[in-house]
Amino acid sequence: MQHARLSHDLTTSGNGVISADLEQARTAIEKRFLEGGTILLSVLESIDKLAATLDAVTGALDGDNAEATGRELKATMTELSALPERESRRQSALATISSIEKGLRDKVVTMRETLRYLRTFAITAKITGAGIADFAGFAEEIIERIQYGASQVDKFAETLDQLGKRLDPAAARGREILHQFETVVPGIVKDLAESSELLTEQHRTLGATAQRVRKLAGGVQTKLATVLSAMQIGDISRQRIEHCQSAFAILDDYLETGEGRSLSQDQKNRLSIAITCLVARQLEQTSADFDRDTTKIVNTMGSFRGDIGEMLSLRDLMAGNGESGNSRAIRQLEQNVAAARKIVTTVEAASLEATDLSRSTAELVGELVSGIEIVRVVRTDIQYMALNTNLRCSRIGEEGRAINVVTAELRNFAGQMDETAETILTALHALQEAAADMAEGTDGLDGDVNLGQRLQSAACRIHDAGDSMEKDLARLGEDGRDAAERMEKAMVQLDYKAELGDILARCSDEVAEAARGVPPDLSDLSHAIEAIGSQIYRSYTMAAEREIHAAVLPLPAATAAPVAAASAADDDEDLFESALF
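Okay, so the sequence shown: first residue is 976 according to our numbering, each after it adds one.
This is the structure in structure tokens:
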């Protein structure tokens, strides 16, 4: 009696209540799985962004950037460490120059005194030889040479004064710089070294933590791939429901044909019950497969919560809240580099002063050497003139004896002046060597790439790295929170078992109840079974469907083989076309 009622439902009003429930299940599965797939892809995208941000964070001071920064800081620390000793040597050279300069002042006094004696003797000779023909003009010439020599000595003294005026301020400034170097530079070098080591250690820790986060992200990506794979159950279930709907539609269409109308009511009932049994078996397996795979989805998604939570905790560790912060380490290094640059500004000023003093000293020494050489020429002229006077006086006889005594003194004092000039020259050579010593080591600070430029370059890299790291860490937090929010939403959206599984199970139960057990005897309906069954069989896209069909509604061998082959050939294309519902 139940079979008769079902047949009436199926044959007079289509699929009836069962078909309506199947359509509800199919529509719900299609909608929810489309939404779930979109959400899942967005979660995967957020995890990919998280991994990319991790690479950016750990790359802030990686590769060439870190290597160049390390080289510059190392070179800077080496240069800074050498500053106190270098300035001490410069001060020593400056003290030597000052000592030589003071000694030369005494020699200038001696030379001026000698020239005064020479002028006195020359005037005496002129007076003594006033009565001798042509001697007055000759004596006047000697006086002029002595006066010229005196003017050269005065120029020498002026040049020496210029040098002296430079030395005292330079020495005072040098003492200040040396004191600053000795008290400040070691601390700056120590701070730079400690900051560099701290940064290296923090970067190592950051890399290790990022590796853990990346491993977790990789695990989440793998689980997401598993979920995406398991979500094929939605498409499979939708298709199988459609195939069940098609089975009822094919039956209805057949019963509307002339051949179907010619069947007796009992035959129609048995045929309807057979198709209902087939659909019941298909839905039973569909529901079981759906339940199995959605359970896997729910369980896999549930495991995400712990992974995402751990990733966010590690993100906070990477951000370095408190004293161990990576960003703080970079900023501390940046501050230490800035402090070093202030010292370097003083260094460069001192270097320029030393270079300028060395250059001007060398120029002044050159002038002094030229001046003293002129004095030596004057001394030679006076000696030769005095010698000529002696020769003349010898020819004159008794009258020239008094003049001869005076000119002999001229020669003697001219010789003393030569000795003084030689001493001055020796001192000037020592002055040149001291000036060269004072300038030694300043070229490196006054060249194309000096300490200030190296520190500026390092400071720019460190500042950019700090900005980049802070920005990337902030983005890492945003990406992590976004991933967590998307994951929470996905967990709710992908819980298909609770709602969709119930709908599918209800449909399965309804059809199973309508089928009421095993299929009836259809031995007298082979032609109808072949017509209907072959169409239903051809609609399948999965081997499991064909196996159930073959067990519930066998086709004649001659018909089953070509239909199965045709259906198998269509499997891949059909699945591809319906992959995204």
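Built from N, CA and C at the ideal position, the CB exists for glycine as well.
Just so we're clear, the structure is a prediction, and the values are computed from it rather than from any experiment.
Item                                                                                                               : Value
Residue 1350, buried or exposed, once every other Cβ within 10 Å from all chains shown has been counted against 16 : buried
Span of the alpha helix (DSSP H), counted from its first residue to its last, around residue 1443                  : 1426 to 1468
Rounded straight-line distance, which links the Cα of residue 1426 to that of residue 1297                         : Reliability of the predicted coordinates at residue 1297 is poor, the pLDDT of 43 falling under 50, and the value obtained from them is presented with this limitation in mind. About 33 Å.
CA nearest to the CA of residue 1222, picked from 1387, 997 and 1449                                               : 997
Length of the line joining the Cα atoms of residue 1068 and residue 1059                                           : 14 Å
Distance, residue 1147 Cα to residue 1448 Cα                                                                       : 51 Å
Euclidean distance between Cα positions of residue 994 and residue 1005                                            : 16 Å
Limits of the unbroken alpha helix (DSSP H) element including residue 1496                                         : Run containing residue 1496: none; DSSP gives neither H nor E here.
Contact check, residue 1486 vs residue 1183, beta carbons under 7 Å                                                : no
Start-to-end residues for the alpha helix (DSSP H) that takes in residue 1234                                      : 1233 to 1236
Rounded C-alpha distance that separates residue 1259 from residue 1219                                             : 11 Å
is_contact[residue 1185, chain B] using C-beta, thresh 7 Å                                                         : Chain labels in this structure do not include chain B; a single protein chain is all it has.
Candidates 1153, 1391, 1399 and 1252: closest to residue 1091 by CA position                                       : 1391
DSSP state of residue 1212 mapped onto helix, strand, coil                                                         : helix
Residue 1206 in three-state terms, based on DSSP                                                                   : coil
Candidates 1281, 1202 and 1252: closest to residue 1267 by CA position                                             : 1202
Residue 1286 in three-state terms, based on DSSP                                                                   : helix
7 Å Cβ cutoff met for residue 1275 and residue 1198                                                                : yes
Supposed close pair residue 1327, residue 1164 - CB separation, criterion 8 Å                                      : With a Cβ gap of about 22 Å, residue 1327 and residue 1164 do not count as contacting.
Rounded separation between residue 1496 and residue 1273 - CA only                                                 : 43 Å
Residue 1512: first and last residue of the uninterrupted alpha helix (DSSP H) it sits in                          : 1501 to 1514
Boundaries (first-last residue) of the alpha helix (DSSP H) holding residue 1105                                   : Where residue 1105 is concerned, there is no enclosing alpha helix (DSSP H), given that its DSSP letter is neither H nor E.
Reduced DSSP category for residue 1144 - H, G, I as helix; E, B as strand; rest coil                               : helix
Distance CB(residue 1253)-CB(residue 1528) smaller than 7 Å                                                        : yes
Cα-Cα separation between residue 1381 and residue 1063, rounded to whole angstroms                                 : 53 Å
Exposed unless 16 or more other CB atoms sit within 10 angstroms - verdict on residue 1488                         : exposed
Cβ neighbour criterion (16 or more within 10 Å) applied to residue 1316                                            : buried
The segment 1078 to 1087 in contact with the segment 1385 to 1404 per 3-pair CB rule at 8 Å                        : yes
CA-to-CA distance, residue 1530 to residue 1509, given in whole angstroms                                          : 7 Å
Cutoff 6 Å; reference residue 1209; Cβ partners in own chain excluding five residues on either side                : 1004 and 1008
Residue 1101 burial status per 10 Å Cβ neighbour count (16 or more: buried)                                        : buried
Cβ-Cβ separation, residue 1021 to residue 1461 (assumed contact under 8 Å), whole Å                                : 5 Å
Residue from 1010, 1511 and 1501 with nearest C-alpha to residue 1242                                              : 1501
Exposure of residue 1423, with buried meaning 16 or more beta-carbon neighbours within 10 Å                        : Interpretation of residue 1423 is limited by its pLDDT of 39, a score under 50 that renders its predicted location unreliable; the figure taken from the coordinates is listed afterwards. That one is exposed.
Where residue 1376 sits in the DSSP three-state scheme                                                             : helix
Rounded distance between the beta-carbons of residue 1479 and residue 1261, thought under 8 Å                      : 7 Å
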